[in-house]
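Enquirer:
There are 4 protein chains.
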Amino acid sequence: MTDTLWHKPSAGHLHSLLAAYTVGDDPTLDLALLPFDIQASKAHARGLKKIGILTEQEEDRIFHALSDLNVLAKQGKVKIEAKDEDCHTVIEHYLTEKLGPAGSKIHTGRSRNDQVLTALRLFMKAHLAAIRSALLELAAEFLAKAEEHRALPFPGYSHTQQAMLGSLGHYYASFTEHLIEDAEFLQSVLTHIDQNPLGSAAGFGVALPLDREGTKQELGFSRMQINSLACQTSRGKSEAAVLEALVQIMMTLGRFANDMLFFTARECGFFTADDTLVTGSSIMPQKRNLDGLEVLRGYGSVVMGHQHAIQGIAFRLLSGYNRDLQLLKKPLMESLAIVTSSIAVAGLYLQGLTPKEETIRKAITPAIVLADIATSLASEKGIPFRDAYVLASAHTPDAPDLDRNLRSKISMGAAGNLCLEAYHKRLAALGK
Amino acid sequence: MTDTLWHKPSAGHLHSLLAAYTVGDDPTLDLALLPFDIQASKAHARGLKKIGILTEQEEDRIFHALSDLNVLAKQGKVKIEAKDEDCHTVIEHYLTEKLGPAGSKIHTGRSRNDQVLTALRLFMKAHLAAIRSALLELAAEFLAKAEEHRALPFPGYSHTQQAMLGSLGHYYASFTEHLIEDAEFLQSVLTHIDQNPLGSAAGFGVALPLDREGTKQELGFSRMQINSLACQTSRGKSEAAVLEALVQIMMTLGRFANDMLFFTARECGFFTADDTLVTGSSIMPQKRNLDGLEVLRGYGSVVMGHQHAIQGIAFRLLSGYNRDLQLLKKPLMESLAIVTSSIAVAGLYLQGLTPKEETIRKAITPAIVLADIATSLASEKGIPFRDAYVLASAHTPDAPDLDRNLRSKISMGAAGNLCLEAYHKRLAALGK
Amino acid sequence: MTDTLWHKPSAGHLHSLLAAYTVGDDPTLDLALLPFDIQASKAHARGLKKIGILTEQEEDRIFHALSDLNVLAKQGKVKIEAKDEDCHTVIEHYLTEKLGPAGSKIHTGRSRNDQVLTALRLFMKAHLAAIRSALLELAAEFLAKAEEHRALPFPGYSHTQQAMLGSLGHYYASFTEHLIEDAEFLQSVLTHIDQNPLGSAAGFGVALPLDREGTKQELGFSRMQINSLACQTSRGKSEAAVLEALVQIMMTLGRFANDMLFFTARECGFFTADDTLVTGSSIMPQKRNLDGLEVLRGYGSVVMGHQHAIQGIAFRLLSGYNRDLQLLKKPLMESLAIVTSSIAVAGLYLQGLTPKEETIRKAITPAIVLADIATSLASEKGIPFRDAYVLASAHTPDAPDLDRNLRSKISMGAAGNLCLEAYHKRLAALGK
Amino acid sequence: MTDTLWHKPSAGHLHSLLAAYTVGDDPTLDLALLPFDIQASKAHARGLKKIGILTEQEEDRIFHALSDLNVLAKQGKVKIEAKDEDCHTVIEHYLTEKLGPAGSKIHTGRSRNDQVLTALRLFMKAHLAAIRSALLELAAEFLAKAEEHRALPFPGYSHTQQAMLGSLGHYYASFTEHLIEDAEFLQSVLTHIDQNPLGSAAGFGVALPLDREGTKQELGFSRMQINSLACQTSRGKSEAAVLEALVQIMMTLGRFANDMLFFTARECGFFTADDTLVTGSSIMPQKRNLDGLEVLRGYGSVVMGHQHAIQGIAFRLLSGYNRDLQLLKKPLMESLAIVTSSIAVAGLYLQGLTPKEETIRKAITPAIVLADIATSLASEKGIPFRDAYVLASAHTPDAPDLDRNLRSKISMGAAGNLCLEAYHKRLAALGK
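Protein chains in written order, with the working numbering: chain F, 35 to 466; chain U, 35 to 466; chain Y, 35 to 466; chain G, 35 to 466.
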């Protein structure tokens, strides 16, 4: 028989199969939520003290017991047994054991529903902030690489065909810009979910003047999520928005991975990879495989799948809490972990892939400068663009001066005018 | 043989099957893009004039020809033939026909790639702004309904079971809050994509000092998208972010639809529906079906599917333009149209569903007040929460005073403390 | 006011916005369903005659009127007006107009629910059969190409790196096998949905001894779908299964497209493309782009998105008909059309891409034979595999004999033992 | 430094972050694959003996060592350390440790690529067979319930409104039919993937006359997957097809869950739930929540998300092995586990939900028989259907005889003609 918060002995024994089925992966997943649940529990206790539900002494004892539990958790000494189900029960059991009946008074005016909402909100905020920071760090690294290779000609592609000349710096700078944008989008999602749900109880509030403004400030939320039912029905929506921020990042990183798998194919051979980045094959020792990039690319699809699971889980549910929502935790947590490690892996490859200038220059087709010649004819001689092409096609040089061509591309954001200082400014403004 | 911008006669005849396959739905879809492409073309022409590519007179003639074309388009007199492929070709053909070789000079320094990017960006901005406005309007309507029914008891559910008492005003207010949040999220996405891609040409810029700052201001973009390759590789990412904003809206509206299909089922019978909102059955005349709500709910899944398609289309492509990206237009445009009409339909049902107070009151189980009694015992007598339950269970009233219960729920955002003025303030601040 | 089957004047006027919203794209989509609805209507009429509901004369008149309508439809003379809503109403209106009250007797014992189910089932069957046939045709073309190029060495890749030697024939044969498998999977899906739903009425049958066995045979269904509610609740499931068959095909064709975009990149240059298959660029005349392959690849993601929409639409609905289901038609029909044209496009590219043998041979790295040398050392000298590698690595030839290497790969299904006759046999057995 | 099969010391040390990133969850997941990898390794060894690579004695020693390892695995004594990476390395390390160099000879003529393919294929087959058996068992239980409650009137719904009368037996029989269909669809997927990939090595075969027919028979595959590259490129496609079979099941079970959450809502109250199936609420002791059904419903969306992850992972990859494919294992394995437990959970609820006949009968609206009266008037008096409605509407009885109405629905598959014997026959034919 499970010994959980909501399951009264009088209700009989929950079938063991069902107990396992409904608990699912919570005992593992909730270890990561525990510190945030403890933090929120402290804030709730302080709020109860303010409105006279807890005495100063009771609140003090609860506060210290929660701190002790947090220390134990950090030391890896807290296990969530299947019978405990989740971190919320662990906290209540711990408090009751330590403090007796007084320990259970913390449950006044709250519900597991707003407890998990609050812990998840804090969890997401912390992880998003860390990811944002890592993104800006990676953007800065791409920026440094863009500066280093700003003058190295690099073929620009469209339709998987060499189209016009760029530089490796131009290529890297495109990622700098995306990563900054991704960080800003993520920040806007973080801001969007930065609302206090604590005090919404089971979705319908309580007959107590809970100090919701106080817990908001204590927990560092920037806004109040007012309507108690809206707090509940925001589950799944918050997670879906967070996932979109993560998808955006994986679209950037996955493109880098996909590009580099092409650029390092023998047919391109544009980079050499550091020995610490390659694996070999059990059957083909000559292979130098960039497995990390492949896994990164694949993880992009995993995160997209998780987003769609999340949307599906939360859709077509009657307003209010439904147990389906528990399943949101796993795809959310896995996705945050995937993105965190993927940013680090992308950074490794950025640093460990060294361009082979001579190979790259040789690989560039002379025709790559054709459109530029035509553009220049058109602007200098004032003839229509398409007529200029005909002229240009007849005079494509065998070995065009790539460096001069690069320098000629002076439109803002082109290879001859990268505007890198703009990214420096943005990164500085964003705290990097 | 197709007579398109990029397909030179010398390249031979594109296979008719391929021509149809690659053109796809563009002739239809691009009609909606045409006005935005015209707007961007004017800005580009003005920029070319500033850097001396077009004379003042040339620019003037192009400007007026574009204005004429826009008038024709508004009059429904412009058709995009399959052989024209898309709106970009239509514009160039029109200008060349009207102005001779001078008309084709507008193509200097730009590419279909930044042309479609810019037109789509303007298109998305316009539609998102309209949707945001409609969302805030709907939020205000829910707010008015929340005020009207703030004192009408309504069962609050969890696990599809009556859980605690709320009011219909509390229920409606939860949608007010969601709709405002959705509008703000949509605004943050709009801000995110509000960047000028014009001047990025085919993704690699040009050898001209294009007046990108000028076109940015002319077109009303708030920021510059600098790196020309990043402009290209943002395709699909912008659309995916927009789709997430739309998914968030459909999660809100779809929940309203799903709830109301439950609340209007005979087993609940909480609302009567206006005759203009119901259809009957060919075989069961007694049926009063709310088909619109079902379609609304189904469209939620359609929009989610479109987001998934968009993410997939844009993923795992080599940096730079790839024709796959053309397929982004349809799911984007359809989703914007779906959300626009769905907001209107939700508004119809909000107005046309009248609550049946007596039925609702009768349907509420007395046990719904149990948790409140326990909470009150716990807080007043200072006994642990779970002990209070045991006491409360023994004294559940047969006919609890629902109105008093409602009033007792005073925690911020609960039915007795809806804080509706906060929404009035937010709506006012947002321009409603 | 809409004048539709189920909407009695007494129910008042359906709001025009709602009428448009709920009708959606049916007037267009249903034109494709009309012939199948006519076919099913004939079978239903014959069934009603058998059980005495229609007289022989009535049935005869209905039959001929339906045939007339079918002729009109083939001539493009039938339009579905928005007020008609769908093909079912068109049929009933036509019959009533032609035959008076007798025309409406065909509605006895059926409902729009089993009408649309039956028409869709027949529609899917017809399209799947045509797609299957096209798939087998394409498989045969790949087989012919495999035979033609069985001896042409071609690099085999893993991790986007040259791994071991294959032949172009080996590569093409892999598609032959996939296409045959896809056709067989599609056939199993076709068999799965090949069930008669006619006679299930609105999902609950009728108080008439409908001749369901008779309609089953008349309509060519191989099995009976017995339970009338199961007929209704199979909507969405049938479509999802069909979509999986289509996704499998798009995974095959999309891979071919993606491969060929790599193999025709300048860095590989393994094929020349026929002029009828390439487009140029408006700004880069040297480009020879394979847009059709890119669109094909992108359509793969579109079909996956449609499958996701379909699953979502049909999930979490109360057993029985729900109007959400109407939205299944569009993603289904679009996907069938996409796959049909994509098979044709893949065939064009297969025929129009000519391998450049010398380029291919030159591009193959000598190290590609290393694993084979090791394998041979291991088997001939009986030494452990990994030790053999060390030996082999020291003796990689500068210019290995690729043809001999190819011939040496004699394991079943390897390049030296393609077993093409097995595919001939399978194709013959499958009717090609 | 990791000590894995493919990573030669000379290649240097793989970065620890990358090692962890690329290994991912394999150490956990591969424990489930180990027995199947052992089985396939035995078959491979036997094949090597037949073609003279292994002596009889060598093969015998390998066979017994593998058996020993299998025993250890069953006893839970095998751990896959992160440094071992996966089950394939565990096997090779074990053999080499036990048998010295002879142990490593098993690696001749195979690769990790066909090793994992074969193990996964066997794994999927075993799990699908078990799921099929459980499905048929559940179908039989629904059939028994359908017989038990064949005469119990039950409202039939469309548009979430009572539409026409059915019986609880009719309702249950609809699930019997779906479950049998799901089992047959799953069987067709099982047949589809039941092909021997062993001997395809790294995707390009080997220069050895591997006994692929022998391993096919030894491993119980019914067909040969011939082309070695097609073996590789079927990864992801097999998994996607399997996932569709699982999605079909979850659509059936999820609908049952969703229905029952409606039917057990207080507003319906059609069933009482066994105490072992309900949980309470921490804050609302009166609640009797059916959490298991909610989790089941939510898992439907999880499995759909996994299918889309799988499709995405395997799409747009260059033909041949790519490490992205490793990520297919987790969504596949989780989905199989989810479906297995969900079938069991559905069975618990089927048994533990007892219908409340009186409540159900009272809840049925008299108008539910209206369409039947009209149908009967139409068929008996030969008047058009819609005219019959007008007559019927005027004479709806206040308390219609539901039992007689039920019996009157005699069309095949309606509540008065359930044809249950047909399911008995099908189940018997399918081995139940």
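Don't be surprised by glycine CBs; every beta carbon is placed ideally from N, CA and C. In this text, all values refer to a predicted model and were calculated from it rather than measured experimentally.
Flag this pair as yes or no: are the beta carbons of F188 of chain G and L202 of chain G separated by less than 9 Å?
Expert: yes
Enquirer: Can you tell me whether M446 of chain Y is buried or exposed, with buried defined as 16 or more other CB within 10 angstroms of its CB?
Expert: Under this definition M446 of chain Y is a buried residue.
Enquirer: Is it buried or exposed, L106 of chain U, if we count other Cβ atoms within 10 angstroms and call 16 or more buried?
Expert: By the 10 Å Cβ count, L106 of chain U comes out exposed.
Enquirer: Between the alpha carbons of Q196 of chain F and G334 of chain U, how many angstroms are there, rounded?
Expert: 41 Å
Enquirer: Considering only their Cβ atoms, is the gap separating L232 of chain Y from D325 of chain Y smaller than 9 Å?
Expert: no
Enquirer: In chain order, what residues of the same chain have a beta carbon less than 7 Å from the beta carbon of S353 of chain G, not counting five sequence neighbours either side?
Expert: L263, T267
Enquirer: Just how far apart, CA to CA, sit A412 of chain G and L359 of chain U?
Expert: 56 Å
Enquirer: Contact check, D60 of chain Y vs E126 of chain Y under 8 Å by CB: the rounded distance?
Expert: About 15 Å; that fails the 8 Å criterion.
Enquirer: Along the chain, where does the beta strand (DSSP E) containing F188 of chain Y start, and where does it finish?
Expert: Boundaries of the beta strand (DSSP E) around F188 of chain Y: 187-192.
Enquirer: For K132 of chain U and E93 of chain U, I'd like the C-alpha separation in whole angstroms.
Expert: Distance between the alpha carbons of K132 of chain U and E93 of chain U is about 13 Å.
Enquirer: Measure the C-alpha to C-alpha separation of R166 of chain Y and Q221 of chain Y and round it to an integer number of angstroms.
Expert: Their backbone Cα atoms lie some 7 Å apart in a straight line.
Enquirer: Applying the criterion that 16 or more other CB atoms from any shown protein chain within 10 Å of the CB defines a buried residue, is S208 of chain U buried or exposed?
Expert: buried
Enquirer: Interface residues of chain C around I347 of chain U at Cβ under 8 Å?
Expert: Included in the structure are the protein chains F, U, Y and G, with no chain C among them.
Enquirer: Run through chain Y and tell me which residues come within less than 7 Å of Q196 of chain F, C-beta to C-beta.
Expert: What Q196 of chain F touches in chain Y: R300.
Enquirer: Assuming contact is defined by CB atoms lying nearer than 9 Å, are S442 of chain U and S410 of chain U in contact in what I supplied?
Expert: yes
Enquirer: Q229 of chain G bridges to which residues according to DSSP?
Expert: BP columns for Q229 of chain G point to G:R257.
Enquirer: Under three-state DSSP, which class holds G381 of chain F?
Expert: helix
Enquirer: What residues from chain Y crowd round R350 of chain F, counting only those whose CB sits closer than 7 Å?
Expert: R350
Enquirer: Around the C-beta of A53 of chain U, are 16 or more other C-beta atoms found within 10 angstroms, so that it is buried, or is it exposed?
Expert: buried
Enquirer: Which two residues bound the contiguous alpha helix (DSSP H) that contains A107 of chain G?
Expert: 90-108
Enquirer: Given a cut-off of 9 Å, decide if G190 of chain G and Y206 of chain G are closer than it, judged by their beta-carbon atoms.
Expert: For Y206 of chain G and G190 of chain G, no; Cβs fall outside 9 Å.
Enquirer: I need the straight-line Cα distance from A448 of chain U to L370 of chain U, nearest angstrom please.
Expert: 34 Å
Enquirer: Would you mind giving the Cβ-Cβ distance between K139 of chain F and P418 of chain U, rounded to the nearest angstrom? I have them listed as a contact below 8 Å.
Expert: Contact holds; Cβ gap of about 6 Å.
Enquirer: If contact is defined by three or more beta carbon pairs under 8 Å, each pair taking one atom from either stretch, is the segment 271-286 of chain Y in contact with the segment 267-284 of chain G?
Expert: yes
Enquirer: For R246 of chain U, would you say it is in contact with chain F, using Cβ-to-Cβ distances shorter than 9 Å as the test?
Expert: yes
Enquirer: Anything in chain G within Cβ reach of V379 of chain F, meaning under 8 Å, just list it in chain order.
Expert: L51, L52, Y55
Enquirer: How about E328 of chain G and L295 of chain G: do their beta carbons lie closer than 9 Å?
Expert: Between E328 of chain G and L295 of chain G, the C-beta gap is smaller than 9 Å, which places the two residues in contact.
Enquirer: Since F389 of chain Y is in the beta strand (DSSP E), which residue starts that stretch and which ends it?
Expert: Position check: residue 389 of chain Y holds Pro in this sequence, whereas Phe was assumed. Here the beta strand (DSSP E) through P389 of chain Y covers 387-389.
Enquirer: Does the Cβ-Cβ distance between A397 of chain G and A426 of chain G come in under 9 Å?
Expert: no
Enquirer: Near H49 of chain U, what residues of its chain come up, given a Cβ to Cβ distance below 8 Å and the 5 sequence neighbours on each side ignored?
Expert: none
Enquirer: Buried or exposed for D406 of chain Y, please, with buried defined as at least 16 other CB atoms from any protein chain shown within 10 angstroms of its CB.
Expert: buried
Enquirer: Could you confirm whether any beta carbon from chain Y is found closer than 9 Å to the beta carbon of T267 of chain F?
Expert: no
Enquirer: Checking contacts by CB at 9 Å: is D309 of chain F closer than that to chain G?
Expert: yes
Enquirer: Short check: CB of E211 of chain F to CB of I260 of chain U, under 9 Å?
Expert: yes
Enquirer: Just checking: is the beta-carbon of H141 of chain Y within a distance shorter than 9 Å of some beta-carbon in chain G?
Expert: H141 of chain Y has a beta carbon lying within less than 9 Å of a beta carbon in chain G.
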